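K.L.:
Chains as they are written, first to last, in the numbering used here: chain A, 21 to 258; chain B, 432 to 915.
Sharing a structure, written as structure tokens. Questions coming.
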Amino acid sequence: MPGFDPSASPRLRAKIFLGSLLVAIVSIVAARNVLAQARPGTVDITVTSRTPNAVQVEEHYVLGISSPLELRVLTRPCMVIENLIIERDGVALAVAETRKGPWIIWRDTTGHGGDSLLVRYNVWLGGSRTIPLAHLTAPLPGVDSSRQGPVTVSVQFGRGEAQVEFPHMTRQAPKAWSGRYVAAPSFVKVGGPAFVCDRNPPAGDNGGLVWRYWLLLGIMVVWVPIYLSWARRTGDRA
Amino acid sequence: MTGAHLTAFYVIVGAYLVLVCGIGLYNYRRASTEEGFLAAGRSLGPIMGGATLMANQVSAGATIGMVGFHYFSGISYAWTWPLVWIGWVVAALFVAPQIRRVPGLTLPDFFAARFESKAARGIAALFILVVYAVMLSAQYQAGGLLFGLVGGMDYSRAVMLVAGITTAYTVLGGMYSNAHVGMLKAVLLLGSYAIAVPWLLGHVGSISEIGEALTAIDPRLTGNWFGWRQLIAISMAIGLGLAASPYEISAIYSMQSRRTTRLAIGYSFLFQACIGIGVLLFGLSMRVAMPQLPAPDLATPVLGMSILPPWIGLLVLLAAVVTFTRTGGAILLTVASAVSHDIYVELFRPAASERAKVLASRLAVITFSAIPVALALRQFDLVNFIVIWAARLMVSFLFIPVVVGLNWRRATRAGAIASMLGGMATCLIWSRLGSPYFLGLDPAEAGVLVSALAMFPVSLMTRPASEDTLRQFFGAEPKASQKA
């Protein structure tokens with residue numbers, strides 16, 4: 021190896037030394053990235069927008085669990101999810117699909133184990149600007165509350181100007197956005213004109229949240245002026 | 432949070448620090464007497480007073496802990512707001528007007544004056560030290576979680592930073608600073624929630640859409656995760672505890688008059704209503720937007736850091752920082768008064784100069800701020816559970832002696848001491864015996880019941896307070912013919 025040749029010129033030796041140092045640094049950084057990627061509980065989600073109405077979502081998980089999986093995805097009216105592929109350690113999983121309110125649930129029926137999980141699907145947005153992201157229905161082991169969250173979401177836009185409105189992401193390139201999170205968001209909302217969906221979905225079951233919310237608000241709205249008018253009428257007596 | 436966003440967070444927190452220290456320095460001279468330091472010279476008007484009462488109550492338990500509670504348990508916990516307000520009405524009717532009849536600075540002052548007992552004063556002061564250490568640890572824990580997640584800071588360092596901020600402005604300005612920072616807290620909370628809540632709903636969905644998504648996850652999220660039995664028990668602990676809470680009573684002592692106090696309670700309802708709705712919608716929206724957070728207490732930090740646009744997020748995070756530092760300040764001040772005023776001055780050095788009293792108060796703030804740090808580093812439970820536990824102890828110990836003592840002439844020193852000790856012991860034993868309801872009673876209910884059972888018979892069996900004392904609190908006793 022020339023690096024060990026004592027007769028090499030000092031300049032060459034410096035170049036070789038600096039070159040080796042650079043290679044070592046690059047290797048360490050690459051190894052750290054690989055280790056970080058391999059840490060259980062990490063998730064990489066890539067959203068590729070092909071047209072304003074069609075996107076592909078690809079999610080890579082390092083699970084750290086061997087139990088059967090259940091994934092959940094939030095849908096909107098007129099939205100269609102198709103071409104679903106779920107692979108665990110490279111083996112395609114058969115999933116049972118059920119609907120529960122606005123969520124679609126995919127349950128693994130094969131019971132195949134493995135640490136890595138790939139989920140890929142296409143979404144026809146149907147005029148909505150909301151892109152659903154599938155997520156596991158149970159928390160992943162190894163996920164902690166460190167600032168460098170284990171979930172990375174990247175959005176690549178195709179044609180046209182676009183930006184990510186929800187959740188907060190930073191622009192990496194003119195058409196690329198990304199963000200890092202403590203847990204997977206259930207959707208990404210992108211900017212741009214939304215079209216009105218002409219399919220009126222049947223009213224779902226909100227579990228009484230609406231009337232409970234308005235009753236609570238009503239009690240508060242009534243309570244404050246009634247109390248204040250009483251307090252104003254009282255003098256400084258006991 | 433990285434780069435410019437993180438820098439902006441530190442700049443805004445730094446600006447807040449400079450501002451609160453400025454407020455402290457501005458008030459330093461005014462807080463040079465004991466009445467100035469501990470009771471703001473009895474100068475607070477209704478709006479400033481309302482902000483102070485709200486700022487005492489709306490702690491990290493609300494802006495961090497309650498958001499987390501709504502995140503994991505849905506809407507039902509929100510019913511505690513109007514239920515807790517019943518406790519405030521009790522305070523407006525049966526505590527605030529009566530307690531202002533006799534000059535005092537702290538709750539133990541009341542015990543000493545009403546029951547003519549140094550022992551009652553000392554027991555109350557010691558109790559305040561213990562329970563408020565727990566309460567303060569919840570504020571530090573919330574601060575540690577927020578700074579740890581948002582600023583990437585080590586949790587223990589973050590806890591110490593929060594303790595440092597809280598101590599600094601409390602030492603400088605006492606109750607004056609607490610009142611001004613309370614107003615700042617009200618403005619920041621209301622302002623940031625008024626911007627953040629509509630933005631969040633605009634992106635996550637309407638109340639109905641959120642309801643559909645949550646019902647599908649778990650129907651209890653939109654119904655009754657907590658049953659009415661639990662809600663009433665928790666609300667009773669918090670609400671009735673507030674009616675006799677030492678830091679709220681210090682705030683009542685700081686107001687201009689009894690009428691001012693009643694109005695201030697009304698304005699505090701207004702502030703609380705806005706914050707309660709905001710906290711509820713934050714928690715519910717976050718459960719839909721990010722359903723698998725590793726811990727519910729992270730809902731607010733993650734909302735501010737990763738969900739909202741940077742400037743709205745920073746406002747929400749700053750409001751949370753102000754919340755736990757301000758409530759921490761109120762707690763520290765109450766504890767400092769227990770140590771310096773009730774123990775040092777009243778029990779050991781009654782002849783201490785005004786300067787020595789204020790110095791003792793400031794030293795007590797600094798010394799005591801360290802104890803809850805040790806508790807916060809252990810992270811015993813979710814923030815709101817710690818707050819509820821402390822509230823249970825408070826109501827069991829204080830509610831009956833304070834309310835009955837203020838409204839029943841026959842209450843005696845022995846009755847009050849038996850009531851305090853019996854209530855606290857029962858609450859502690861009940862907490863150990865079983866959950867949630869040993870013999871059908873929550874620890875707070877059992878504590879209050881035993882406290883009342885001790886107060887009435889023991890008082891009737893012992894000698895009442897002197898006529899002079901009773902006249903101060905109740906006026907002249909009606910004559911027999913008037914009674915008839």
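Backbone N, C-alpha and C define an ideal beta-carbon position, used for all residues, glycine too.
Nothing here was measured: the structure is a model prediction, and the numbers come from that model.
Can you give me the start and stop residues for the beta strand (DSSP E) that isoleucine 105(A) sits inside?
P.N.:
For the purposes of this step, residue 105(A) is identified with residue 85 of the first sequence, where counting begins at 1. That run of the beta strand (DSSP E) goes 100-108.
K.L.:
On the three-state DSSP scale, how would you describe tryptophan 144(A)?
P.N.:
As a first step, residue 144(A) must be located in the first sequence, where it is residue number 124. Here tryptophan 144(A) sits in strand by DSSP.
K.L.:
When you compare the CB of tryptophan 243(A) with every CB in chain B, is at least one pair closer than 8 Å?
P.N.:
In the first sequence, the residue the question calls residue 243(A) occupies position 223. Yes, because at least one Cβ of chain B sits closer than 8 Å to the Cβ of tryptophan 243(A).
K.L.:
Which complete alpha helix (DSSP H) runs does the region 712-797 of chain B hold, if anything under 4 residues is left out?
P.N.:
The region 712-797 of chain B contains these whole alpha helix (DSSP H) runs: 730-733, 741-768.
K.L.:
Please report the distance separating the alpha-carbon of asparagine 838(B) from that of glutamate 777(B).
P.N.:
Here residue 838(B) refers to the residue found at position 407 of the second sequence. Here residue 777(B) refers to the residue found at position 346 of the second sequence. Distance between the alpha carbons of asparagine 838(B) and glutamate 777(B): 25 Å.
K.L.:
Could you work out which residue in Ala112(A), Lys195(A), Gly169(A) is closest to glycine 61(A) when comparing CA atoms only?
P.N.:
By one-based count along the first sequence, residue 61(A) stands at place 41. Of Ala112(A), Lys195(A), Gly169(A), the residue nearest in Cα terms is Gly169(A).
K.L.:
Within the same chain, show all residues whose beta-carbon is closer than 7 Å to that of arginine 793(B), passing over the 5 residues directly before and after it, in chain order.
P.N.:
Counting from 1 along the second sequence, the entry for residue 793(B) is found at position 362. Val602.
K.L.:
Which residues does DSSP pair with serine 136(A) in a beta bridge?
P.N.:
Your numbering for residue 136(A) matches position 116 in the first sequence. Per DSSP, Val82(A).
K.L.:
Taking valine 593(B) and phenylalanine 755(B) to be in contact with their CB atoms under 8 Å, please state how far apart those CB atoms are, rounded to whole angstroms.
P.N.:
Locating residue 593(B) in the second sequence gives position 162, where the first residue counts as 1. Locating residue 755(B) in the second sequence gives position 324, where the first residue counts as 1. At roughly 7 Å, the Cβ-Cβ gap stays under 8 Å, so valine 593(B) and phenylalanine 755(B) are in contact.
K.L.:
Can the beta-carbon of alanine 509(B) be found less than 8 Å from the beta-carbon of leucine 235(A)?
P.N.:
In the second sequence, residue 509(B) corresponds to position 78, counting from 1. In the first sequence, residue 235(A) corresponds to position 215, counting from 1. No, the pair does not count as a contact, with Cβ atoms beyond the cut-off.
K.L.:
Would glycine 131(A) count as contacting chain B if we go by Cβ distances under 8 Å?
P.N.:
Numbered from its first residue, the first sequence carries residue 131(A) at position 111. Cβ-Cβ to chain B under 8 Å: no for glycine 131(A).
K.L.:
Indicate whether at least one CB of chain A lies closer than 8 Å to the CB of leucine 870(B).
P.N.:
Here residue 870(B) is taken as the residue at index 439 of the second sequence, counted from 1. Answer no: the Cβ-Cβ gap between leucine 870(B) and chain A never drops below 8 Å.
K.L.:
Do tyrosine 201(A) and valine 171(A) have their C-beta atoms within less than 8 Å of each other?
P.N.:
Translated into the one-based positions of the first sequence, residue 201(A) becomes position 181. Translated into the one-based positions of the first sequence, residue 171(A) becomes position 151. In contact: tyrosine 201(A) and valine 171(A) (Cβ atoms closer than 8 Å).
K.L.:
Mind checking which residues open and close the alpha helix (DSSP H) that includes tyrosine 508(B)?
P.N.:
Stepping through the second sequence from its first residue, residue 508(B) is reached at position 77. Element bounds for tyrosine 508(B): n/a, residue is neither H nor E.
K.L.:
If you drop the 5 nearest sequence neighbours on each side, which residues of the same chain put their C-beta closer than 6 Å to that of methionine 566(B)?
P.N.:
Walking along the second sequence from the start, residue 566(B) turns up at place 135. Answer for methionine 566(B): Ile762, Ala821, listed in chain order.
K.L.:
Alanine 599(B) and isoleucine 802(B) look like a contact to me (Cβ under 8 Å); what is the Cβ gap, rounded to whole Å?
P.N.:
Reading the second sequence from its first residue, position 168 is the one you call residue 599(B). Reading the second sequence from its first residue, position 371 is the one you call residue 802(B). Rounded, the Cβ-Cβ distance is 17 Å, inconsistent with contact.
K.L.:
Looking at chain B, which residues of the region 132-163 of chain A have a Cβ within less than 9 Å of any of its Cβ atoms?
P.N.:
Per Cβ criterion, the list reads Thr150, His155, Leu156, Thr157, Ala158, Pro159, Leu160, Val163.
K.L.:
Under the rule that 16 or more other beta-carbon atoms within 10 Å means buried, what is aspartate 899(B), buried or exposed?
P.N.:
Residue numbering aside, residue 899(B) sits at position 468 when the second sequence is read from its first letter. Aspartate 899(B) comes out exposed.
K.L.:
Give a yes or no on contact between the region 551-563 of chain B and the region 764-775 of chain B, applying the rule of three or more CB pairs nearer than 8 Å.
P.N.:
Cβ pair count under 8 Å is three or more, so yes.
K.L.:
Based on Cα-Cα distance, which residue from Ser666(B), Pro732(B), Met485(B), Arg651(B) lies nearest to leucine 621(B)?
P.N.:
Locating residue 621(B) in the second sequence gives position 190, where the first residue counts as 1. For leucine 621(B), the nearest C-alpha among the options comes from Met485(B).
K.L.:
In chain order, what residues of the region 478-501 of chain B put their CB closer than 9 Å to some CB of chain A?
P.N.:
Under the 9 Å Cβ criterion, the region 478-501 of chain B contributes no residue.
K.L.:
For threonine 598(B), which three-state DSSP category applies?
P.N.:
Counted from its first residue, the second sequence places residue 598(B) at position 167. Looking at threonine 598(B) - three-state DSSP - the assignment turns out to be helix.
K.L.:
According to a CB-to-CB cut-off of less than 8 Å, which residues of the region 717-734 of chain B neighbour chain A?
P.N.:
Cβ contacts with chain A: Val719, Ala720, Met721, Pro722, Gln723, Leu724, Pro725, Ala726, Leu729, Val733.
K.L.:
Taking only beta-carbon atoms, is lysine 195(A) less than 8 Å away from chain B?
P.N.:
The residue labelled residue 195(A) in the question sits at position 175 within the first sequence. Taking Cβ atoms only, chain B never reaches closer than 8 Å to lysine 195(A), which makes this a no.
K.L.:
Mind checking the region 675-708 of chain B against chain A and listing, in chain order, the residues whose C-beta falls within less than 8 Å of any C-beta there?
P.N.:
Listed by position along the chain: Ser688, Arg689, Arg690, Arg693, Leu694, Ile696, Gly697, Tyr698, Phe700, Leu701, Ala704, Gly707, Ile708.
K.L.:
Look up glutamine 57(A) in the DSSP assignment and say whether it is helix, strand or coil.
P.N.:
As a first step, residue 57(A) must be located in the first sequence, where it is residue number 37. Any reading at glutamine 57(A) needs caution, since the residue's pLDDT is 48, under 50, leaving its predicted position unreliable; the model's value is listed next. Note: glutamine 57(A) maps to helix in three-state DSSP.
K.L.:
So valine 879(B) and isoleucine 831(B) are supposed to be a Cβ contact under 8 Å. How far apart are they, rounded?
P.N.:
In the second sequence, residue 879(B) corresponds to position 448, counting from 1. In the second sequence, residue 831(B) corresponds to position 400, counting from 1. Indeed, because the Cβ distance is near 6 Å, the residues count as touching under 8 Å.
K.L.:
Report the residue ranges of all alpha helix (DSSP H) runs contained in full by the region 845-911 of chain B; include only those spanning at least 4 residues, in chain order.
P.N.:
The region 845-911 of chain B contains these whole alpha helix (DSSP H) runs: 874-892, 898-905.
K.L.:
Answer yes if the region 482-501 of chain B comes into contact with the region 611-621 of chain B, meaning at least three C-beta pairs across the two stretches below 8 Å, and no otherwise.
P.N.:
Taking 8 Å as the limit for Cβ pairs, the verdict is that the region 482-501 of chain B does touch the region 611-621 of chain B.
K.L.:
If the criterion is Cβ atoms closer than 8 Å, does the pair alanine 751(B) and threonine 765(B) meet it?
P.N.:
On the second sequence, residue 751(B) is found 320 positions in, with the first residue counted as 1. On the second sequence, residue 765(B) is found 334 positions in, with the first residue counted as 1. No, the Cβ-Cβ distance between alanine 751(B) and threonine 765(B) is not below 8 Å.
K.L.:
Which residues in the same chain as valine 442(B) place their Cβ atom closer than 7 Å to its Cβ, once the five residues preceding and following it in sequence are excluded?
P.N.:
Here residue 442(B) corresponds to residue number 11 of the second sequence, with the count starting at 1. Excluding positions up to five away in sequence, the list is empty.
K.L.:
Look at the Cβ atom of valine 208(A), then the Cβ atom of valine 67(A), and state whether they are nearer than 8 Å.
P.N.:
In the first sequence, residue 208(A) corresponds to position 188, counting from 1. In the first sequence, residue 67(A) corresponds to position 47, counting from 1. A contact, by the Cβ cut-off of 8 Å.
K.L.:
If I measure Cβ to Cβ from threonine 917(B) and keep anything under 8 Å in the same chain, skipping five residues before and after, which residues do I get?
P.N.:
It is not possible to answer for residue 917(B), since the shown part of chain B is limited to 432 through 915.
K.L.:
Determine, for tryptophan 123(A), whether the minimum Cβ-Cβ distance to residues of chain B falls below 8 Å.
P.N.:
Along the first sequence, read from residue 1 onward, the residue named residue 123(A) stands at position 103. At least one chain B Cβ lies under 8 Å of tryptophan 123(A).
K.L.:
When Cβ atoms are compared, which residues of the region 510-523 of chain B fall closer than 9 Å to chain A?
P.N.:
So the list reads Trp510, Trp512, Pro513, Trp516, Trp519, Val520, Ala523, given in the order they occur along the chain.
K.L.:
What's the call for glutamine 703(B), buried or exposed, on a 16-neighbour Cβ count within 10 Å?
P.N.:
Position 272 of the second sequence, counting from 1, holds the residue named residue 703(B). Classification of glutamine 703(B): buried, given that the 10 Å Cβ count is 16 or more.
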